[in-house]
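Mature numbering (1 follows the signal peptide of the UniProt record, and there is no 0) puts the sequence shown at residues -21 to -1, 1 to 512. Heads up, the beta-carbon is just placed ideally off N, CA and C, and yes, glycines get one too. To keep things clear, I will list the structure first and then write my remarks on it.
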Amino acid sequence: MKINSLVTSLLLIVLLEPAIASFVNTEQDTSAYNRPLIHLTPNVGWMNDPNGLFYDKKTSLWHAYYQYNPNDTIWGEPLYWGHSSSKDLTHWEEHQVAIGPQNDDEGIFSGSIVIDHNNTSGFFDESIDKDQRVVAIYTNSTPKTQTQDIAYSLDGGETFTKYDKNPVIDVNSTQFRDPKVFWHGDTDQWIMVVLKSQEYKIQIFGSRDLKTWDLHSNFTSGYLGNQYECPGLIKIPIENTNEFKWVMFLAINPGSPNGGSTNQYFIGDFDGFEFKQDDSVTRFMDAGKDFYAFQTFSDNEKDVVGLAWASNWQYANVVPTNPWRSSMSLARKYTLDYVHQNAETKILTLIQTPILNNLNVTDKVEKSNHLLTKNNTIITDFGSSTGLLDFNTTFKVLQGSGSNSSPKLEILIHSQASNSSTESIKLGFDTSVSAFYFNRDIPKVEFNSNPYFTNKFSTYVEPAHYFENDIPVYKIYGIVDKNIIELYFNDGTQTMTNTFFMSEGNYPHQIEIGSNVDGQFELQSLLVRELNK
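Right under this line is the structure:
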């Protein structure tokens, strides 16, 4: 939840929660300029941090709440919890506003939702299914203080009643926010991780009933930036073992190495009272600029699933979309594995896998054992593209024999020429520095001149493995959805998430793969697909 100083409230047309609820239009116009098809967006208004993510076992619905201003396309108070749900994490339906403030200068800031199966809170009776005993824990923000409050739902998360003895935690601070709560079975208690944001301190509390909380410990570590936000703590399985580790997630803003906001994580153990890191390493979740405020879904026992806000506070309020601003990342499945950082060292690393369910493949192009040359590029021309494409390739980097000192493989995503001029974004691999680079510069779009909308990125990626004669092999999966691209390198050992903005009427339509040298890149496999909902 962004807050540097509380600002004067905007003049609002709609002030009361019932009026807001009736205002929401659940039918989303996916043809709107730049609106992604499968990334969650609000129908109208402003959205930022994901909140209260949970899975309803009774209805098989995934619920996502989020910071929401339904009356403008910029961040501003009063701030609400918006609400959407999905059966598959790619098709979303918007609901009425879930929780709203009492006054115009208040905000229902970030938080989480738990399912109180055993009714530890006493809010429920036997008429409420055990899998739908929904309790929200959130920050109530006013000009004078930030406190942790709770509310409960008797209808599966559609509407909420605020606890009449709120707040449940008040430490007399204006920078105390973003509670993430979960049940810790080994110690038979609820755990809350919450931030003393500008003291760089994650506080760990425990409770038996969600109402009375005791401070257990503090965790202080990581890349500082200006302030900490949106913590999380969850155990994640290690691939190909029966083991797991606890992972602490933490967002920073501003002050990211890439500029603005980003997410970091730490791996260790948690005993119900204290989190202890395994090492002193700060790991970043994503190499792009549009991945922030990451949270995981609660009450999903099968996999660890989470998503993030796909924007950056340096420019989120001014991106060229209307009548909404911001989207979430795709939901991703999370595991841990030991990954080579270099030839001699492996470290435990977060593996991220996109969740893509119930999508239609309307066209595709496949290649195998294809040697790229300067005059032998691959162009996929999909005649009916809706702006939703993906590509998956594994390639070898062969020994070069030419004089080019910087051999490159490039993947260009072109728009259709609706404005008589094609626009493109570019992903490439440069053998001279063994790095991937990405360029989202589209000069015709005025917004792209924003100095904080960084156009070029790069990231070093260790080869996925080596072929015979020490030939390095790399893997890339990318999904492009109208105005956002998510890149997954080497089966998700690294990711890069970025938004981009083409001219009005233009959207991704064609993928071109080529090289500036002859015979140095061999595509072992390539699959490019045109997708639709």
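Given residue i as reference, the closest of the options once Cα atoms are compared
i           : options                           : result
ALA287      : TYR467, PHE432, PHE184 and ARG311 : ARG311
PHE361      : SER482, ARG508 and VAL459         : ARG508
LYS405      : ILE330, LEU377 and PHE436         : PHE436
GLN274      : PHE252, PRO15 and TYR244          : TYR244
residue 513 : GLY136, ILE78, GLN46 and GLY498   : The structure shown has nothing for residue 513, since the chain only spans -21 to 512.
THR52       : TRP71, LEU58 and TRP25            : TRP25
SER39       : PRO49, ASP67, ASN48 and GLN46     : ASP67
THR153      : PHE500, PHE88, ALA115 and ALA130  : PHE88
ASN119      : SER91, VAL113 and GLN111          : SER91
TYR202      : GLU501, GLY101 and ARG262         : ARG262
SER413      : THR124, THR365 and SER384         : SER384
PRO333      : ILE455, SER277 and PHE33          : ILE455
TRP292      : PHE249, GLU280, ILE246 and GLN206 : GLN206
GLU323      : THR365, PRO442 and HIS349         : PRO442
GLY79       : ALA115, THR372 and LYS109         : ALA115
PHE252      : GLU465, SER428, HIS163 and LEU350 : HIS163
PHE33       : ASP110, ASN27, TYR47 and TYR59    : ASP110
PRO158      : GLU72, ASP265 and LEU174          : LEU174
LEU350      : LEU335, THR373, ASN336 and THR328 : THR373
TYR45       : ASP35, GLY31 and PRO57            : GLY31
ARG112      : THR121, GLN127, ASP128 and ASP95  : ASP95
SER100      : THR191, LEU510, ASP149 and GLU56  : THR191
LEU229      : ASP104, PHE270, GLY238 and GLU218 : PHE270
ILE129      : PRO122, LYS144, THR121 and LYS123 : LYS144
VAL147      : SER400, GLN127, THR300 and PHE161 : GLN127
VAL150      : ASN485, LYS123 and GLU73          : LYS123
ASN429      : LYS375, VAL297, ASN48 and ASN232  : VAL297
MET227      : PRO233, ILE246 and GLY239         : ILE246
ASP470      : LEU510, PRO233 and GLY457         : GLY457
TYR117      : ASN232, VAL160 and HIS62          : VAL160
Beta-bridge pairing of residue i - partner residues as DSSP gives them
i      : result
MET171 : VAL160 and PHE184
LYS387 : ASP409
GLY211 : PHE228
GLY457 : PHE370 and LEU466
THR275 : GLY285
MET481 : In the DSSP output, where bridge partners are listed per residue, MET481 has none listed.
LYS268 : Answer is none; LYS268 lacks a bridge partner.
GLU73  : SER63
TYR44  : ASN30 and HIS62
VAL452 : LYS375 and HIS444
LYS353 : Paired residue(s): none; LYS353 is not in a bridge.
ARG262 : TYR244
TYR117 : GLY90 and ASP128
ARG419 : Looking at the DSSP assignment, ARG419 forms no beta bridge with any residue, so it has no partner.
ILE148 : GLN127
Proximity of residue i and residue j at Cβ, strictly below 7 Å
i      : j      : result
TYR294 : PHE446 : no
ASN98  : LYS461 : no
VAL440 : PHE468 : yes
SER306 : THR20  : yes
TYR131 : THR140 : yes
PHE408 : PHE415 : yes
GLU389 : GLY493 : yes
ASP134 : LYS37  : no
HIS488 : SER363 : no
ALA272 : ASP28  : yes
PHE103 : GLN125 : no
THR476 : ASP265 : yes
ASP83  : PRO57  : yes
LYS346 : GLU501 : no
PHE370 : ILE464 : no
Residue i burial status per 10 Å Cβ neighbour count (16 or more: buried)
i        : result
GLU208   : buried
GLN473   : buried
GLN81    : exposed
THR5     : Residue placement at THR5 is flagged as unreliable, the pLDDT there being 47, under the threshold of 50; the coordinate-derived value follows with that caveat. It is exposed - the Cβ of THR5 has fewer than 16 other Cβ atoms within 10 Å.
ILE358   : exposed
HIS444   : exposed
LYS268   : buried
ILE(-19) : Caution applies to ILE(-19), whose pLDDT of 42 falls short of 50 and renders its modelled position unreliable; the model cannot decide the point.
PHE426   : exposed
THR410   : buried
LEU(-6)  : In this prediction, LEU(-6) scores a pLDDT of 33, lower than 50, which makes its location untrustworthy; the coordinate-derived value is nonetheless stated afterwards. With fewer than 16 Cβ atoms within 10 Å of its Cβ, LEU(-6) is classed as exposed.
ASN242   : buried
Any C-beta of chain C under 7 Å from that of residue i
i      : result
MET264 : In the structure shown, chain C cannot be found, because there is only a single protein chain.
Inset, instruction - Take every Cβ of the region 298 to 311, pair it with every Cβ of the region 251 to 259, and state whether three or more of those distances are shorter than 8 Å. - result: Two segments are said to touch when three or more pairs of C-beta atoms, one from each, lie closer than 8 Å; by this definition the region 298 to 311 does not touch the region 251 to 259.
Inset, instruction - Decide if the region 194 to 210 is in contact with the region 219 to 226; the criterion is three or more beta carbon pairs, one per stretch, under 8 Å apart. - result: With a cut-off of 8 Å, the region 219 to 226 and the region 194 to 210 do not count as touching, because too few Cβ pairs lie within range.
Legend entry - Stretch-stretch touch, CB-based, cutoff 8 Å, three pairs: the region 316 to 325 with the region 338 to 354: A contact between stretches requires three or more CB pairs, one per stretch, nearer than 8 Å, and the region 316 to 325 fails this requirement with the region 338 to 354.
Inset, instruction - Indicate whether the contact test is met: 3 or more Cβ pairs, each with one atom in the region 409 to 428 and one in the region 476 to 495, closer than 8 Å. - result: The region 409 to 428 is in contact with the region 476 to 495.
Inset, instruction - Determine contact between the region 181 to 191 and the region 159 to 169, defined as no fewer than three beta-carbon pairs at a distance below 8 Å. - result: Output reads yes: the region 159 to 169 touches the region 181 to 191.
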